[in-house]
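Take a look at the structure set out below.
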Amino acid sequence: MSTTVLAKAVNAGLRRALERDDKVLLMGEDIGPLGGVFRVTDGLQKDFGPDRVVDTPLAESGIIGTAIGLAMAGYRPVCEIQFDGFIFPAYDQITTQLAKLTYRSCGDLSMPVVIRVPYGGGIGAVEHHSESPEALFAHTAGLRIVSPATAADGYTMIQQAIASPDPVLFLEPKARYWEKGEADLDAEVDLGADALTTGLHSARTVRPGRDLTLVGYGPAVRTMLTAAEVAAQEGHELEVIDLRSISPIDFGAVEASVARTGRLVVVHEAPVFFGPGAEIAARVAERCFYSLEAPVLRVGGYHTPYPASANEEAYLPGLDRVLDAVDRALAY
Amino acid sequence: MTEPLTALAGSHEAEPGTVQLLDPRGRRVEEPTYSPLVADLDAEALRTMYRDMVVTRTFDNTATALQRQGELGLWPPSLGQEGAQVGSAHALSARDFVFPAYREHGVARVRGLDLGELLPVFRGVRHGGWDPAAHNFNIYTFVIGAHTLHAVGYALGIQRDGDVGTGDPARDRAAVVYFGDGATSQGDTNEALVFAASNNAPVVFFLQNNHWAISVPTTTQSRVPLVQRGSGFGIPSVRVDGNDVLACYAVTRAALERAHSGSGPTFIEAVTYRMGAHTTSDDPTRYRDRAEEDLWRERDPIARMRAHLREEGLADDAFLADVEDEAHAVADAARSYCRGLEAAPTGAMFDHVYTADHPLVAAERAEAEAFEAAFEETR
Numbered sequence: 001m002s003t004t005v006l007a008k009a010v011n012a013g014l015r016r017a018l019e020r021d022d023k024v025l026l027m028g029e030d031i032g033p034l035g036g037v038f039r040v041t042d043g044l045q046k047d048f049g050p051d052r053v054v055d056t057p058l059a060e061s062g063i064i065g066t067a068i069g070l071a072m073a074g075y076r077p078v079c080e081i082q083f084d085g086f087i088f089p090a091y092d093q094i095t096t097q098l099a100k101l102t103y104r105s106c107g108d109l110s111m112p113v114v115i116r117v118p119y120g121g122g123i124g125a126v127e128h129h130s131e132s133p134e135a136l137f138a139h140t141a142g143l144r145i146v147s148p149a150t151a152a153d154g155y156t157m158i159q160q161a162i163a164s165p166d167p168v169l170f171l172e173p174k175a176r177y178w179e180k181g182e183a184d185l186d187a188e189v190d191l192g193a194d195a196l197t198t199g200l201h202s203a204r205t206v207r208p209g210r211d212l213t214l215v216g217y218g219p220a221v222r223t224m225l226t227a228a229e230v231a232a233q234e235g236h237e238l239e240v241i242d243l244r245s246i247s248p249i250d251f252g253a254v255e256a257s258v259a260r261t262g263r264l265v266v267v268h269e270a271p272v273f274f275g276p277g278a279e280i281a282a283r284v285a286e287r288c289f290y291s292l293e294a295p296v297l298r299v300g301g302y303h304t305p306y307p308a309s310a311n312e313e314a315y316l317p318g319l320d321r322v323l324d325a326v327d328r329a330l331a332y
Numbered sequence: 001m002t003e004p005l006t007a008l009a010g011s012h013e014a015e016p017g018t019v020q021l022l023d024p025r026g027r028r029v030e031e032p033t034y035s036p037l038v039a040d041l042d043a044e045a046l047r048t049m050y051r052d053m054v055v056t057r058t059f060d061n062t063a064t065a066l067q068r069q070g071e072l073g074l075w076p077p078s079l080g081q082e083g084a085q086v087g088s089a090h091a092l093s094a095r096d097f098v099f100p101a102y103r104e105h106g107v108a109r110v111r112g113l114d115l116g117e118l119l120p121v122f123r124g125v126r127h128g129g130w131d132p133a134a135h136n137f138n139i140y141t142f143v144i145g146a147h148t149l150h151a152v153g154y155a156l157g158i159q160r161d162g163d164v165g166t167g168d169p170a171r172d173r174a175a176v177v178y179f180g181d182g183a184t185s186q187g188d189t190n191e192a193l194v195f196a197a198s199n200n201a202p203v204v205f206f207l208q209n210n211h212w213a214i215s216v217p218t219t220t221q222s223r224v225p226l227v228q229r230g231s232g233f234g235i236p237s238v239r240v241d242g243n244d245v246l247a248c249y250a251v252t253r254a255a256l257e258r259a260h261s262g263s264g265p266t267f268i269e270a271v272t273y274r275m276g277a278h279t280t281s282d283d284p285t286r287y288r289d290r291a292e293e294d295l296w297r298e299r300d301p302i303a304r305m306r307a308h309l310r311e312e313g314l315a316d317d318a319f320l321a322d323v324e325d326e327a328h329a330v331a332d333a334a335r336s337y338c339r340g341l342e343a344a345p346t347g348a349m350f351d352h353v354y355t356a357d358h359p360l361v362a363a364e365r366a367e368a369e370a371f372e373a374a375f376e377e378t379r
């Protein structure tokens, strides 16, 4: 176990996958000599060559559409979409083709394709570089959507996503790329069938607590942990759950926690309206009605386009907005 | 108002630059590059091409009738395009992989599919009808142009597998994608051309310009002949008389030889005409005039090949009757098969959403089954 950062952990996971299976190939814009705009693929083309780490033409639909054909030919493409807001030119290929080809072919075709997307805000970027479109994709059956919040998960989950027989949208919280965490980058990752389904999609209790449950994923995890530390100083023990997976969602973990705490606040950067929190709140209302001491509250983006970066602090579910929701839930 | 007919200016001569090996009267046209590529087609090969076109048309007409009888929800007729489809498909080797749009019934026939297998999708009993690997013929794609990228991606896989340029005909292979004039307006088709060109991918783009994207003419898709789309991307491009089965065979064969040898992609524009509706849902009389259809009827690919076979002494009455008999047998079998197709049980709706286990799908399946079971109990 050593200390590393998320970007390097994902890089190490990609390297392991390339070493393990010569059918794995990386493809995307600027991922070769540049190593990607976030350097997540740094050094991989040098070591594995331009046929395995492929700089593609600048065309997102082309990247995903050709990845589908490569998957049909027996390859396991790992596509990088450079920024969240640039995934939309590929939206059709992802939702009408990639997600549905297994279904449409009655199981004759399998689509082991991973789409890596640096997503989320907080880095002071220009427009289309800070979005959280996960709800748009979670609404599409046939996709799996995960988001690592830590270096350890970045290393493990990318390898599990690549080994998955189903397409995986792998959302990398770009604001957390350079955060340090413990990870064993030499460890063998479990790629058994259960690890690729149950394991990849299990939530993780990051901090136990008894008074209220905070649920989120990706960039929200650190914010929730900080909120729990602050609340602890005021005598409130908050339980923090990192979902790790947005589709499917580990509702069992959420329900078990809410049954203990009676209160739930969901945090994500995606807009609240029709967002993942709405799904979680609805399920919890159905299943934990008699456990709830307060309505489920949600903290996330507003129903605006992602604002200019000078205003993004107000848009994002930061510490103060999370603590405000916690106070409101505890007041019931 | 319909578009001016730019291709095949007269009834009997191809427009300059358009490859034609068989004129509309069924007489051979000598062409220095492509005539040698059909020289080794023996009598049986020529008769098989004719047979495949006739069987396809009879089946296609039956499918149209089945839709009118309420047995199919929708049908996209291939009427008039049999020459382009059968000719090109005969040039393929077994290991080449076909990415059809949704009108390639003639290609399906040549690839060895039982044509009835095309029907479940249109009867609404399932999304797929056949295993793509069984005949190297992918399932139909309804999003226009989306599959052009899949073909290029597959070709990139072939390239990585080292299955091009080996000189071994049993190993070298390619991807072939069929699409229409409307698809040339789609971004995906243009991206596919970029990816194919920049990677020198072993792929053949087979455009069937049938002149109409539902009700919108080709002139709304392009101000230049569509063959120029390919050359604009740096891809060798050729325009062929799409109602000439021999010419379609020859240009596709040449394109596949290029792809197999590792020389990269080719773009083919087969100039043909959709004699029927786009699908059984539209009405061509609202958007085009009868004179145009009559002009193209004179160029019918089947009549042309029949005239040729007759002239060459390769088709007597017995042969033509035998072909008719087979065509009706195939159509009858497809009709029976279609009528026997029934909806799968509700639970099948949840099959194959994912390859691996998925808790949400499992929960919703259980929920639906419990609901149905409760409903059954109360009946």
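Protein chains in written order, with full-length UniProt numbering: chain A, 1 to 332; chain B, 1 to 379.
No residue lacks a Cβ here, since even glycine has one placed at the ideal position from N, Cα and C.
As the structure is a prediction and not an experimental result, all values here were calculated from the model.
Assignment of A/Phe289 by DSSP, reduced to helix, strand and coil, places it in the coil class.
By the criterion of a C-beta distance shorter than 7 Å, A/Glu60 is surrounded in its chain by Ile81, Phe86, Ile87, Pro89 and Ala90, once the five residues flanking it on both sides are discounted.
Between A/Leu70 and A/Arg52, the gap from beta carbon to beta carbon reaches 9 Å or more. B/Trp212 has B/Pro217 as its beta-bridge partners, per DSSP.
Contact note: B/Ile158 reaches chain A through Ala73, using a C-beta cutoff of 8 Å and chain order. Around B/Pro202, no beta-carbon contact reaches into chain A at under 9 Å, the shortest distance being about 11 Å. Judged by DSSP secondary structure, A/Arg76 falls within the beta strand (DSSP E) whose first and last residues are Arg76 to Glu80. From the listed residues B/Pro120, B/Val224 and B/Ala108, the smallest Cα separation to B/Cys338 is found for B/Pro120.
Not one beta carbon of chain B lies nearer than 9 Å to the beta carbon of A/Gln159. The Cβ-Cβ distance between A/Val254 and A/Ile246 does not fall below 9 Å. Fully enclosed beta strand (DSSP E) runs of no fewer than 3 residues occupy 114 to 119 and 144 to 146 of the region 93 to 156 of chain A, in order along the chain.
At the C-beta level, B/Asp181 and B/Val19 stay beyond 9 Å of one another. For the C-beta of A/Tyr103, the chain B residues within less than 7 Å are, from N- to C-terminus, His127, His352 and Val353. Residue environment for B/Asp168: exposed (fewer than 16 other C-beta atoms within 10 angstroms of its C-beta). The beta-carbon distance between B/Pro202 and B/Ala175, rounded to whole angstroms, is 7 Å. This is short enough to meet the 8 Å contact definition.
Using a 10 angstroms sphere on the CB of B/Gln69, the tally of other CB atoms stays under 16, which defines it as exposed. Just measuring C-alpha positions, the residue of A/Gly318, A/Ile162 and A/Gly65 sitting nearest A/Arg116 is A/Ile162.
Burial state of A/Tyr332 is exposed, judged by a 10 Å Cβ sphere holding fewer than 16 other Cβ atoms. When C-beta atoms of the region 274 to 289 of chain B are compared with those of the region 74 to 87 of chain B, three or more pairs fall below 8 Å, so the two segments count as touching.
Of the residues assessed, B/Ala370 falls on the exposed side of the cut-off, its CB having fewer than 16 other CB atoms within 10 angstroms.
A/Ser110 reaches chain B at Thr355, counting residues in chain order whose Cβ is nearer than 9 Å.
Among the CB atoms of chain B, one or more fall inside 9 Å of the CB of A/Ala59.
For A/Val267 and A/Ile64, the gap between their C-alpha atoms comes out near 30 Å. Legend: CB atoms of the region 134 to 150 of chain B lying less than 7 Å from CB atoms of chain A belong to residues Ile139, Val143, Ala146, Leu149 and His150. For B/Glu30, no beta strand (DSSP E) encloses it, and the DSSP letter there is neither H nor E.
If you check each beta-carbon in the region 243 to 259 of chain B against every beta-carbon of chain A, none falls closer than 7 Å. Interface criterion met: the Cβ of B/Glu191 is under 9 Å from a Cβ in chain A.
Taking the beta carbon of A/Pro50 as reference, no residue of chain B falls within 7 Å; the closest one sits roughly 11 Å away. For A/Thr213, the enclosing beta strand (DSSP E) starts and ends at Leu212 to Gly216. Shown in chain order are the members of the region 110 to 141 of chain A whose Cβ falls below 9 Å from a Cβ of chain B: Ser110, Met111, Pro112 and Ala141. Any Cβ of chain A closer than 9 Å to the Cβ of B/Phe99 would place that residue at the interface, and such an atom is present. Membership of A/Asp242 in any alpha helix (DSSP H) is not indicated; the residue belongs instead to the beta strand (DSSP E) covering Leu238 to Asp242. Nearest CB-CB separation between A/Arg207 and chain B: not below the 9 Å threshold. Inside the region 291 to 326 of chain A, DSSP marks whole alpha helix (DSSP H) runs of 4 or more residues at positions 312 to 315, from first to last along the chain. No residue range can be given for A/Phe273, since it is assigned to no alpha helix (DSSP H) and is classified by DSSP as neither H nor E. For A/Lys46, no beta strand (DSSP E) run applies; the uninterrupted alpha helix (DSSP H) run containing it begins and ends at Leu44 to Phe48, by DSSP.
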